[in-house]
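Visitor:
4 protein chains.
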Amino acid sequence: MSEEMTAQKVQELLTRGSYNRWLGLKVIAVGADSIEIKATWREEWIISPERRFTHGGVLAALVDVTADWALVTRTGRGVPTIDLRVDYHAAAMPGDLTARGRVVRFGSQFSTAEAHVYDAEGKLLASGRGTYFTAPPKG
Amino acid sequence: MSEEMTAQKVQELLTRGSYNRWLGLKVIAVGADSIEIKATWREEWIISPERRFTHGGVLAALVDVTADWALVTRTGRGVPTIDLRVDYHAAAMPGDLTARGRVVRFGSQFSTAEAHVYDAEGKLLASGRGTYFTAPPKG
Amino acid sequence: MSEEMTAQKVQELLTRGSYNRWLGLKVIAVGADSIEIKATWREEWIISPERRFTHGGVLAALVDVTADWALVTRTGRGVPTIDLRVDYHAAAMPGDLTARGRVVRFGSQFSTAEAHVYDAEGKLLASGRGTYFTAPPKG
Amino acid sequence: MSEEMTAQKVQELLTRGSYNRWLGLKVIAVGADSIEIKATWREEWIISPERRFTHGGVLAALVDVTADWALVTRTGRGVPTIDLRVDYHAAAMPGDLTARGRVVRFGSQFSTAEAHVYDAEGKLLASGRGTYFTAPPKG
């Protein structure tokens, strides 16, 4: 189904969810087993008033969404996350984020995908991978 | 420093961050190497209009925060997350969430803590663990 | 099928594999959704001649096996590991190891289980959790 | 110190440990922030007599060793593993294994590295990443 999965189509599917809209997600590009997504910074992401880092939970969400939707040319939809692992590499200062996702292995029951999150200067802030439930929906 | 770390004191520290306030976090109890935190459901958490599950990124944030602050009687503060793993056990339907955190091992450089997230009926929705950087801050 | 799953029966199943035999695994107790297994130290486990710690790969294997077989009263067999996380808490000096496993959540397709590994004095050396493929085998 | 870290030198350091020797590890190539290592199959790796897959604990050890030693041009030695995550992609049939490791991020206190394990035909069997303690040794 990969031919239908343009960035615009994925953008529509992805932003049906209110949390994804709240993250200001924009699908930049969809490739074979890969995706690039931007997230739009907002003041509510802040971990504390002095250290104005973006909360690790926001970065975790971005790793999860990006790895999940890297599978979209195979799945045609977002799929359930079985488990998620995130490594934090550097403090994320205020600003939009870019995430790049890639399929590690696609399987008929469950699949592994990974994502890397960068700031506007291309600095790696966080990365990780998840296991996704990619069995076809019943019925 | 455990005597000072009442639920009220931890509540003040925790909610200085705007993302923690956005999650509607309320510190219910602080014990020796343990903590209980509630999160207040909001419409923005939803994964899609039809399947109104709470987004896995919100659950990941709650696992991270709760495991991190389970360390607070040792650390006196929130500490940097080095890495995080979250397992998703059941779809989280709309409603407030309760998370219980526990220290697995406290170390002078880095520590392991875990958290479990439940719905109002006590059903386990997600759980996980993180590695935290617990070296004393440089003076 | 839990009534049949005595420690002796699990011991027979578990040690059909040569790596499990090489680890000197002995099933001490099988409970409802839990298990206790011992591993018998051997010189080949050593990470280096000076620091005679047990290799992290041996501890990872023990976490994996113990979490997997904590599921045995549900599965009746060892099941495929989908993914594994291990946290290392302390150097494992030469000596036998005790591992205790517990089911976190049992599911019809995949399940989460955890294990903790201790030395002879009860010191926690490593712990972790895995996702296991618990769908019934295809007939 | 990268100039000194030839494959031969790393081979000497790596195989001082008896478990690494038992795994039949051979350092094929050492690059800037990368490494390639082979492991030599042995009958003791088998998970069961019928399904002669290599045990997940052996693959986990190989992911750990390869990610750890991908850091060697920075560290000059093997360093303690803080935590390890392994995804299993396909059953590993009897045969030697090739593992390729890469640094994800090098830090002054802790670092992230990853590894992929392949069979002789280049099929991806397992992959994963670890957090390593890369602070300089005291004294």
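So the protein sequences, as listed, match chains A, B, C and D. Per the working numbering, residue 1 is the first one in the first sequence, and the count goes up by one each step. Per the working numbering, residue 1001 is the first one in the second sequence, and the count goes up by one each step. Per the working numbering, residue 2001 is the first one in the third sequence, and the count goes up by one each step. Per the working numbering, residue 3001 is the first one in the fourth sequence, and the count goes up by one each step. No residue lacks a Cβ here, since even glycine has one placed at the ideal position from N, Cα and C. Here the structure is a predicted model, which is why all the values come from computation and not from measurement.
Using beta carbons (cut-off 8 Å, strictly below), is Thr1131(B) in contact with chain D?
Guide: At least one CB of chain D lies nearer than 8 Å to the CB of Thr1131(B).
Visitor: Just curious, the beta strand (DSSP E) that Glu1036(B) is in, first and last residue?
Guide: 1034-1039
Visitor: Does the stretch 97-104 of chain A come close enough to the stretch 1021-1031 of chain B that 3 or more CB-CB pairs lie under 8 Å?
Guide: no
Visitor: Using a beta-carbon distance below 8 Å, is Leu124(A) in contact with chain D?
Guide: yes
Visitor: Between Glu4(A) and chain B, is there a C-beta pair that is closer than 8 Å?
Guide: no
Visitor: With DSSP collapsed to three states, give me the class of Val1065(B).
Guide: helix
Visitor: Is there a C-beta anywhere in chain B that falls below 8 Å from the one on Arg116(A)?
Guide: Looking at the sequence provided, one finds His at residue 116(A) rather than Arg. Chain B contact via Cβ: absent.
Visitor: Looking at chain C, is there any beta carbon in it that lies within less than 8 Å of the beta carbon of Val1086(B)?
Guide: No, because no Cβ of chain C sits closer than 8 Å to the Cβ of Val1086(B).
Visitor: If you drop the 5 nearest sequence neighbours on each side, which residues of the same chain put their C-beta closer than 6 Å to that of Thr54(A)?
Guide: Trp45, Ala92
Visitor: Is there a Cβ from chain C that is less than 8 Å from the Cβ of Val1104(B)?
Guide: yes
Visitor: Give a yes or no on whether the C-beta atoms belonging to Val1146(B) and Tyr19(A) are separated by under 8 Å.
Guide: Outside the modelled stretch of chain B, which goes from 1001 to 1139, sits residue 1146(B), for which no answer is possible.
Visitor: Using a Cβ-Cβ distance cut-off of 8 Å, determine whether Ser108(A) contacts chain D.
Guide: Cβ-Cβ to chain D under 8 Å: no for Ser108(A).
Visitor: Can you list the residues of chain C that Ile82(A) reaches, using a CB-CB cut of under 8 Å?
Guide: Ile2082, Phe2110, Thr2131
Visitor: Taking only three categories from DSSP, how would you classify Thr2073(C)?
Guide: Residue state, collapsed to three classes: helix.
Visitor: Can you pull the chain C residues whose beta carbon is under 7 Å from the beta carbon of Ser1127(B), in chain order?
Guide: The answer, in chain order, is Val2104.
Visitor: Is any beta-carbon of chain D found at less than 8 Å from that of Ile2035(C)?
Guide: No - not a single Cβ of chain D is within 8 Å of the one on Ile2035(C).
Visitor: Residues of chain B with CB under 8 Å from Ser2089(C), in chain order?
Guide: Before going further, note that residue 2089(C) is His rather than Ser in the sequence given. Per Cβ cutoff of 8 Å: Val1104, Arg1105, Gly1107, Thr1112.
Visitor: For Ala70(A), which residues from the same chain have a beta carbon less than 6 Å from its beta carbon, with the 5 sequence-adjacent residues on both sides left out?
Guide: Ser34, Ile35, Gly101, Arg102, Val103, Ala113
Visitor: Who pairs with Asp83(A) in a beta bridge, going by DSSP?
Guide: Thr131(A), Asp1087(B)
Visitor: Taking 7 Å as the cut-off, is the beta-carbon of Thr1040(B) closer than that to any non-hydrogen atom of the ligand ZN?
Guide: Although the ligand ZN was asked about, the structure shown includes no ligands whatsoever.
Visitor: When the Cα atoms are used, what is the spatial distance from Gly3122(D) to Arg3085(D)?
Guide: Our two residues, Gly3122(D) and Arg3085(D), have alpha carbons roughly 21 Å apart in a direct line.
Visitor: Short of 6 Å in beta carbon distance, which residues of its chain neighbour Arg1021(B), apart from the five on each side in sequence? Order them along the chain.
Guide: Thr1015
Visitor: Pick helix, strand or coil for Gly3057(D), following the three-state DSSP scheme.
Guide: helix
Visitor: What is the DSSP secondary structure of Ser3111(D), reduced to helix, strand or coil?
Guide: In the three-state reduction of the DSSP assignment, Ser3111(D) falls in the strand class, which pools E and B.
Visitor: Could you tell me if Ser1127(B) is buried or exposed, where buried requires 16 or more neighbouring beta carbons within 10 angstroms of its beta carbon?
Guide: buried
Visitor: Distance check for Val65(A) and Gly107(A), CA to CA, integer angstroms please.
Guide: 18 Å
Visitor: On a Cα-Cα basis, can you pick out the residue from Thr2134(C), Tyr2132(C), Val2117(C) that is closest to Gly2056(C)?
Guide: Minimum Cα distance to Gly2056(C) is reached at Val2117(C).
Visitor: So that I know if they touch, is there some Cβ in chain C lying closer than 8 Å to that of Glu3012(D)?
Guide: no
Visitor: In three-state terms, what does DSSP make of Ala2007(C)?
Guide: helix
Visitor: With 16 other CB atoms within 10 Å as the buried threshold, where does Thr2134(C) fall?
Guide: Buried is the call here.
Visitor: Among all the DSSP beta bridges, which residues are the ones paired with Ile3046(D)?
Guide: Thr3054(D)
Visitor: From Asp3119(D), Glu3004(D), Pro3136(D), pick the residue whose C-alpha is nearest to that of Leu3062(D); which is it?
Guide: Out of Asp3119(D), Glu3004(D), Pro3136(D), Asp3119(D) has the C-alpha closest to the C-alpha of Leu3062(D).
Visitor: Keeping to the same chain, check which residues put their C-beta closer than 7 Å to that of Ile3105(D); ignore five residues upstream and five downstream.
Guide: Looking at the sequence shown, residue 3105(D) is not Ile but Arg. Here the set comprises Ser3111, Thr3112.
Visitor: What's the call for Thr73(A), buried or exposed, on a 16-neighbour Cβ count within 10 Å?
Guide: buried
Visitor: Show which residues of chain A have a CB atom less than 8 Å away from the CB atom of Asp1064(B).
Guide: Gly56, Gly57, Ala60
Visitor: With a CB to CB cut of under 6 Å and the five nearest residues on each side skipped, what residues in its chain are close to Asp1083(B)?
Guide: Closer than 6 Å at the Cβ level, and outside the excluded window around Asp1083(B), lie Thr1131.
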